[in-house]
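So the sequence shown is numbered by my numbering: it starts at 32 and just counts up by one.
The structure under discussion appears below in the form of structure tokens.
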Amino acid sequence: MDPQGPVTEVIETVNRRIDVLEELLAEPTDKRTLEEHLDVSRSTIDRAIQELQLFELVAFADGAYRVTTYGQLVVQEYREFERSHRILAEFRPFLQHAPASAFDFDFRHLADAELFVPEMGDPYAMINRHVSAIDRMDAERVLLPVTGLHAHEAAHEAIVHGDARGDVIVGSEVVETWQSNPQYVDLTEELIATGRFEIFLYDGEIPFLAGVFDEEMVQLGVVEDGEPRALVETESAAIRAWAERTLDEYQERATKLT
């Protein structure tokens, strides 16, 4: 049999026998010691060793079983997959609303990120978190697919009544709302009058929210049917670099209105 075997069989074997592999990675040893350390029967150890040897993940030398170099690399990749999947699973509520291929970065950089989704008792958790970032900001650059009065009022407070500044990239529907909806018109005019609120009109679909606040914190948001569905917040340098590149790309193709 090919020692690498069908990929699925190798993965299944590693998954099933990871405790034995971890024990042998810590220190090569014999079956009796494995039996004692793992508190399993001898027959279980026999089967495990047989399976691992079949794929040349483990070899016997100098009176002890040890993980082969190939086996070490396979375990390393297996652990990496576990870490990646754990992150992807955690952010599933975000990903299920994300446009395909929209977030072309390594999701492992979200390991320390926070996820905000609607919850019982707090159905607008992601909106409230976005507004909280605006409340605290000194500066923002945001790619904005939709608008909301709460966030616009927060920006007005931070910029008109404070000394913050904001650069926003929006589509025509958002601009129309700001210019024609009575709840937004005065707020928008006062924001523009400060000279610290710049609007860039993007002629096309804006599929997600990407915001960089104070050149440090990043928010990524997804919408569906015009409604915010989930928000991710992180201070990852890698995600911030991706967000800044994305903002630059959209802004270069947008028309400055103010």
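We put the CB at the ideal spot given by N, CA and C, even for glycine.
Alpha-carbon spacing of residue i relative to residue j, whole angstroms
i, j, result
"D234", "E171", "21 Å"
"H187", "R196", "10 Å"
"V249", "H161", "10 Å"
"Y101", "Q107", "10 Å"
"A269", "V263", "14 Å"
"T99", "R78", "18 Å"
"P238", "L126", "13 Å"
"E67", "V51", "12 Å"
"P37", "A90", "19 Å"
"E43", "A57", "21 Å"
"E275", "L104", "35 Å"
"S65", "L251", "For clarity, residue 65 is Leu in the given sequence; the question names Ser instead. Their Cα atoms are separated by approximately 47 Å."
"L146", "F228", "28 Å"
"R139", "P130", "18 Å"
"L85", "G202", "59 Å"
"N46", "R110", "10 Å"
"E204", "S211", "10 Å"
"Q282", "Y155", "28 Å"
"A120", "E220", "43 Å"
"A142", "P213", "42 Å"
"A182", "M151", "22 Å"
"P59", "D135", "41 Å"
Host alpha helix (DSSP H) of residue i (start-end)
i, result
"Y215", "P213 to A224"
"R284", "Neither: R284 is in no alpha helix (DSSP H) and is coded neither H nor E."
"R78", "R73 to L85"
"V38", "V38 to R47"
"L69", "K62 to L69"
"L180", "L180 to V191"
Paired residues, beta bridge with residue i - DSSP
i, result
"M248", "F244"
"F122", "According to DSSP, which records beta bridges pairwise, F122 is partnered with nothing at all."
"F231", "I200 and K287"
"V173", "V199 and G242"
"E150", "D153"
"F91", "Y96"
"E255", "E258"
"E145", "E264"
Cut-off 8 Å between Cβ atoms - residues of its own chain near residue i, not counting five sequence neighbours on either side
i, result
"D166", "A185, E188 and A189"
"E247", "E266 and R271"
"D137", "A269"
"G257", "V177"
"K62", "R73, I76, D77, I80 and Y96"
"M2", "The chain is shown from 32 up to 289; residue 2 falls before or after that span and cannot be answered."
"T208", "T178 and Y215"
Endpoints, beta strand (DSSP E) assigned at residue i
i, result
"Y96", "A95 to V98"
"E258", "E258 to T265"
"A195", "Looking at the DSSP string, A195 is not in any beta strand (DSSP E), and its letter there is neither H nor E."
Given residue i as reference, the closest of the options once Cα atoms are compared
i, options, result
"R40", "L262, A95, R110 and L83", "Correcting the residue type first, residue 40 is Glu in the shown sequence and not Arg. Cα-wise, what sits closest to E40 is L83."
"L240", "D217, E246 and E255", "E255"
"L222", "D194, E236, T286 and L65", "D194"
"T277", "A133, E87, R48 and E54", "A133"
"T225", "V191, W209 and V206", "V191"
"V199", "L175, W209, A164 and H181", "L175"
"A144", "G152, S163, V173 and I118", "I118"
Cβ-based neighbour list, residue i, same chain, cut-off 6 Å, excluding 5 preceding and 5 following
i, result
"L288", "I230 and L232"
"A124", "What sits at residue 124 in the sequence shown is Pro, not Ala. If we look at P124 and ignore the five residues flanking it on each side, its Cβ neighbours are V148 and A261."
"E236", "none"
Own chain partners of residue i with C-beta closer than 7 Å, once the 5 adjacent residues on each side are dropped
i, result
"M168", "A189, A195, F244 and D245"
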